[in-house]
Every structure is written in C-alpha cells, then in structure tokens.
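Residue numbers (the numbering used here), protein chains in the order written: chain H, 1 to 222; chain L, 223 to 444.
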DNA sequence: GGTGGCTTCAGGGTCAACCCCGATCGCCAC
DNA sequence: GTGGCGATCGGGGTTGACCCTGAAGCCACC
C-alpha cells in the first residue's frame, strides 16, 4: 500500500460538505480543496442525504446543527438508503451531548471548526482509512458515555464462589471454546476441564454453557 | 508533539504496573521509569486491586489478561472500592473484544505492547490529563461497538440466503434453544430442525451454534 | 407434465457436552 | 498427622449437536 502522498490525484478523497452556512462551506473548501475533491455540498438534511446518496463520497464533513434536523438525522437517512460512506462531524459545538449523539449515530470522528486546515485534511484522510479522529477532550466524552451506558455493577458475590482455576475455565467456556480447546490453552487434560466445567455450572446453578455465556456476558466477564 | 517536560519532578505521574509477567513489568519499568514514578506493581487481580487502592496512582498500566481474572475485573474492583484513578490498558492483544471489554469497564485508553517507550510515556501523560488514547484501529472498534454497528455492513445479503423457515429456526437456535425445544415451538420433528440447522450453518459458513449465536447477535437478529 | 425449490421426516453415524463415580497429589490449618 | 480443599486425571455412561443419505408431499413455473 502506497500511502505516501494522499494528495496524489489517484488517491484524492472525495468529500461532501454539509453545513447550513455557505460562507463556512466556502471557507472549508478553500482550505482543503487542494488536498481533496469536494464533490458535493448541502445546507440541510434533505439535501445532504440526496447529494451523499448521489455522489457516495469517501468522507462527509457534517455540521451537527442543521435546519430541518441535525447531523444524526443525515447519518440515519444515508444508512437507511444503504449507502456506504464515512462521516466526520465538524462543528462549532464541543458539547458532550452533541458529540455523543453524532457518534452514536455512526460518525467516525468529531472535530471543531477551530481545527487547522492541515489537521482537518489529516483527519479526513484518517477517517477515510477507518481510524477514529477526535480532539482529546471529546474522545473522553465518548468513552464516558460508553462506559456509563451500562449499569456499573460491582463485583459479583457469585464470582467469588469459583476458584481461580474455575474462573479461567469459565471464561474460556463462555467464549465458546470447546473443552478440547480449553484443555490445550490451559495445558491440562480434557477431563480436568470437564471437572472444572461441571463445578462452575453447579456453583452458578446453570445447566449448560449457553446459559453460562449469557451469565458471563451479562456481567461483562467476557 | 511533546513540548514541555513531563519529567518535571513536581509533575511526575505516579503509576502502578499490573502484568502477570515479572519480565514485562521490569521492561516497562526500565523504559518509563525515568519519566514517571512506578509506585506499585501487581501480577494478579487481587494484588492489583490491593496495591491500587493502597497507592492511588495517577495511572494504572493494566494488562488485559491476568491469572485469576482479567483487566475489567481489576477496574470493577477498584471502582467498587471508590478509589479514583485512571486505567490505561497495555496488552499484547489487539482483539476487538478485549478492547471493548476493558473500555466498557472504564479504561481511558488501550495501547499494545508494541508501542515505543516515548509513545507510552506520552500516552500515560495524556490519559492522566483526561484524554483518551488509542492506536487508530482500536479506536474504531470502540466506536463500532458504541454505535452498535459493524464496519462496512450493509443489510446482510447473507440473511437472504436463508429461507423463511430456516430463518425462524436460526433465530431460535441462536437464542440457545435445544433442537427439541425448537421442534416443540415450531411443531415439527427434531429431524426437521436438524435439517434446517444444518442448512443454516452451511449457508452461513459457520461451524456450530456458538458461532451462530455470535453471528446473530452481531446483526441484532436476536 | 416435468423441473426445481421448500418443507417435512427417517435411519444411520460421529463427536462433543455433561454427568456419575473414583483417584492421586500438594498445600495449609488445626 | 489428620483432614479439608484445590487441582489434576481416569473410566464409563447418557444425551445433545451435527453430519450424510434418502425420500416424500406441496407448490410454482415453464
């Protein structure tokens, strides 16, 4: 893979700009137009979905606040049309709720308009390549939301019923490994795995490994 | 991009190392010891929780796979003790499930052991400052999990391979129902369930119902 | 009327999962 | 040193998961 020159004519990223202010679009275009191909522009939700579906760009630079809806609405509309592209949110806002909403909708990055043009070009290139791009503080918002999106359960008293070895076996079993695989990974015999597995199921009052998988998944042990 | 001097005595970060291999701990310590204070070490879950709660470091460098549990178990234990610190996962694994599990538990970053020592020091400084630190590909895993989508999935062409009846059977199997249960629910014989199950696995190129469960769960079919 | 796909079922088999019983060994506490 | 517990194995068993082959009835389509 030759990744040397992203400005290379053959590798130039095709970009659509979505922002309700023509001046902003013009500004962004002049800043990044040398490095990428701006193949479309839109200033509202409907127009954005149309132009994105028509052009199928590599990256959509998406303002979060739009007339007639917002950034997530655009992403949802494009997803519904089964068009594959990558969204990079570009906003004046750095509020946690805006960041989270647009990332939850499926954007792969979020940068504010205070970004330097060289950094923006870099960000476009990176999201097009599958990376996630955030300014540092914003990434923290997403992780907080992600970690907090689930009940912060404490450590199970049930888990303490299992010995260390039983816990190791339990984890592997819950991940779907066959007894033989578990035995190989732990360098013990299948019979020992069977013994531990039996103890695990009995102690946790489960009847088979399917229930064990769900039990472990519920507790985020796998 | 590091301009200032994080080696400043007054601002040196206090770090705890958690890894079951003493050699790895020694190596990491020698690499970063000039820039940070390693105030504690541990090689298993219990020991990690103890030493973290005792020292309350700025950052915990946490191996994901540990005897007697795993990274998330350590984070959960420290959280349960209401000790405030920041976790940076440091692992040989770059598997999506490991990354997601430890981030979901509350880690603020994830780097692999292939990282250069200068980058590791930078990562420690950044997570201590509240930033999130990832190698690019790993950040994508987290966003995928957060958005609840998978990279580059359209609405499955694979699902269309299955007939209506096969889809019904598939859903029940993926939920963990035994053949006998599926047969009862659909009012058909076990043999018919077996036939459908076999077709489903063959068409989806899966080898057993555990993979089927994960396949279906990934696509939110169950 | 033939062809083919979907659904239904059967007989036969292999292997994994899970159970029961038993056993040895090492460690640690009383 | 005796007893408990954890970890390690074995024999032998039942049940479930999964495969292959074969076949029947139904229905749509040509």
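Each residue gets a CB set at the ideal place from its N, CA and C atoms; glycine is no exception.
Specify, as a first and last residue, the run of the alpha helix (DSSP H) that residue i falls within.
i: residue 299 (chain L); result: 293-302
i: residue 27 (chain H); result: 22-32
i: residue 55 (chain H); result: 45-55
Interface residues of chain L around residue i at Cβ under 8 angstroms?
i: residue 137 (chain H); result: 352, 353
i: residue 87 (chain H); result: Simply none; closest approach about 10 angstroms.
Helix, strand or coil: which one does DSSP assign to residue i?
i: residue 428 (chain L); result: coil
i: residue 443 (chain L); result: coil
i: residue 382 (chain L); result: helix
i: residue 37 (chain H); result: strand
i: residue 355 (chain L); result: strand
i: residue 165 (chain H); result: helix
i: residue 125 (chain H); result: helix
i: residue 177 (chain H); result: coil
i: residue 192 (chain H); result: helix
i: residue 236 (chain L); result: strand
i: residue 282 (chain L); result: strand
i: residue 314 (chain L); result: coil
i: residue 197 (chain H); result: helix
i: residue 264 (chain L); result: strand
i: residue 212 (chain H); result: helix
Report the rounded CA-to-CA distance for residue i versus residue j, giving the unit in angstroms.
i: residue 342 (chain L); j: residue 198 (chain H); result: 42 angstroms
i: residue 45 (chain H); j: residue 93 (chain H); result: 18 angstroms
i: residue 323 (chain L); j: residue 294 (chain L); result: 7 angstroms
i: residue 430 (chain L); j: residue 22 (chain H); result: 55 angstroms
i: residue 48 (chain H); j: residue 42 (chain H); result: 5 angstroms
i: residue 180 (chain H); j: residue 441 (chain L); result: 29 angstroms
i: residue 224 (chain H); j: residue 252 (chain L); result: With chain H covering only 1 through 222, there is no way to say anything about residue 224 (chain H).
i: residue 380 (chain L); j: residue 39 (chain H); result: 32 angstroms
i: residue 279 (chain L); j: residue 236 (chain L); result: 5 angstroms
i: residue 27 (chain H); j: residue 331 (chain L); result: 34 angstroms
i: residue 390 (chain L); j: residue 178 (chain H); result: 26 angstroms
i: residue 174 (chain H); j: residue 211 (chain H); result: 9 angstroms
i: residue 327 (chain L); j: residue 297 (chain L); result: 6 angstroms
i: residue 179 (chain L); j: residue 405 (chain L); result: Coverage of chain L is limited to positions 223 through 444, which leaves residue 179 (chain L) absent and any answer about it impossible.
i: residue 329 (chain L); j: residue 417 (chain L); result: 45 angstroms
i: residue 344 (chain L); j: residue 126 (chain H); result: 21 angstroms
i: residue 309 (chain L); j: residue 140 (chain H); result: 13 angstroms
i: residue 393 (chain L); j: residue 334 (chain L); result: 37 angstroms
i: residue 200 (chain H); j: residue 247 (chain L); result: 32 angstroms
i: residue 204 (chain H); j: residue 188 (chain H); result: 23 angstroms
i: residue 176 (chain H); j: residue 128 (chain H); result: 34 angstroms
i: residue 136 (chain H); j: residue 354 (chain L); result: 6 angstroms
i: residue 436 (chain L); j: residue 317 (chain L); result: 15 angstroms
i: residue 85 (chain H); j: residue 17 (chain H); result: 13 angstroms
Which bits of chain H does residue i rub up against, with CB to CB less than 9 angstroms?
i: residue 364 (chain L); result: 132, 142, 143, 146
Since residue i meets chain L, which of its residues come closer than 7 angstroms, beta carbon to beta carbon?
i: residue 210 (chain H); result: 398
Could you pull the start and end residues of the beta strand (DSSP E) that residue i belongs to?
i: residue 318 (chain L); result: Careful: residue 318 (chain L) lies outside any beta strand (DSSP E), inside the alpha helix (DSSP H) at 318-327.
i: residue 112 (chain H); result: 109-112
Please name the residues in the segment 121-134 of chain H whose beta-carbon is closer than 9 angstroms to at least one beta-carbon of chain L, in chain order. 126, 129, 130, 131, 132, 133, 134
Residues from the segment 104-121 of chain H in contact with chain L, defined by Cβ distance under 9 angstroms: 104, 105, 106, 107, 108, 109
Report the residues of the segment 238-268 of chain L with a CB closer than 7 angstroms to any CB of chain H, ordered along the chain. none
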